[in-house]
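Colleague:
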Amino acid sequence: MVDVVTETVIGRPIADVSAYAADPDNAPEWYANIESSAWQTNPPVQVGGRVSFVARFLGRRLAYTYEIVEYEPGRRLVMRTAEGPFPMETTYTWDDLGTGSTRMTLRNRGEPSGFSKVAAPMMTSAMQRANQKDLARLKQILETQS
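Take 28 as the starting number for the sequence shown in this note's numbering and just add one per residue.
#1: Give every residue of the same chain whose Cβ lies closer than 6 Å to the Cβ of Met150, excluding the five residues on either side of it in the sequence, and list them in chain order.
#2: Distance check for Met131 and Pro112, CA to CA, integer angstroms please.
#3: Out of Thr92, Ala49, Glu97, which has the shortest C-alpha to C-alpha gap to Met115?
#4: In the structure shown, what three-state DSSP assignment does Glu170 receive?
#5: Starting from Ala65, follow its DSSP beta bridges and name the residues at the other end.
#6: Can you grab the Cα-Cα spacing for the pair Tyr69 / Ala54, in whole Å?
#7: Between Glu110 and the rest of its own chain, which residues show a CB-CB distance below 7 Å, the 5 nearest in sequence each way excluded?
#8: Out of Glu56, Phe80, Leu85, state which residue places its alpha-carbon closest to the alpha-carbon of Gln167.
#9: Could you compute how far the alpha carbon of Leu169 sits from the alpha carbon of Val36?
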């Protein structure tokens with residue numbers, strides 16, 4: 028089992044942080060490993076929506092499609108792989124800190140199989156490092172926007 032939770036505090040209101048982070052079109056900007064995203068259903072983000080991503084992780088090209096299974100604007104977004112190398116769930120949660128700042132939590136969890144199962148401990152630490160960098164990039168982007 029892979030279960031990685033990462034969080035950061037971003038000096039922007041929750042509406043700004045959640046709107047930007049929840050939009051799959053922005054993912055290649057703040058996720059270092061995501062090369063592209065493409066809607067499989069019509070935007071905007073909504074339960075049942077599907078988005079395909081192409082990423083590079085641990086030197087491998089990964090193509091996968093997420094389905095949005097839960098969406099509460101400004102609070103929580105949950106996506107699960109509908110197609111891809113192994114089942115994965117990504118959850119974003121946003122908490123208003125009451126100071127014009129937002130705590131964003133990013134959680135990735137899944138059940139690797141085959142080679143991925145053997146590599147799960149290495150995948151967990153690589154995901155933790157990648158998620159920390161991604162949230163740092165998101166923070167930088169949002170805090171320097173006017």
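Idealized CB from N, CA, C, for every residue including glycine.
Modeller: Taking the coordinates as given:
#1: Here residue 150 refers to the residue found at position 123 when the sequence shown is read from its first residue. If we look at Met150 and ignore the five residues flanking it on each side, its Cβ neighbours are Val29.
#2: Counting from 1 along the sequence shown, the entry for residue 112 is found at position 85. Counting from 1 along the sequence shown, the entry for residue 131 is found at position 104. Rounded to whole angstroms, Pro112 to Met131 spans 26 Å at the Cα level.
#3: Numbered from 1 along the sequence shown, position 88 holds the residue referred to as residue 115. For Met115, the nearest C-alpha among the options comes from Thr92.
#4: Residue 170 sits at position 143 when you count from the first residue of the sequence shown. The answer is helix: DSSP assigns Glu170 an H, G or I state.
#5: Along the sequence shown, read from residue 1 onward, the residue named residue 65 stands at position 38. For Ala65, which the question treats as bridged, DSSP gives the partners Ser79.
#6: What you label residue 69 is simply residue 42 of the sequence shown in a count that begins at 1. What you label residue 54 is simply residue 27 of the sequence shown in a count that begins at 1. Sequence check: residue 69 is Asn here, not Tyr. Cα atoms of Asn69 and Ala54: separation of roughly 17 Å, rounded to the nearest angstrom.
#7: Stepping through the sequence shown from its first residue, residue 110 is reached at position 83. Closer than 7 Å at the Cβ level, and outside the excluded window around Glu110, lie Tyr91, Thr92.
#8: Within the sequence shown, the letter at position 140 stands for residue 167. Comparing alpha carbon positions, the residue from Glu56, Phe80, Leu85 closest to Gln167 is Glu56.
#9: Here residue 169 refers to the residue found at position 142 when the sequence shown is read from its first residue. Here residue 36 refers to the residue found at position 9 when the sequence shown is read from its first residue. Within the model, the alpha-carbon separation for Leu169 versus Val36 is close to 11 Å.
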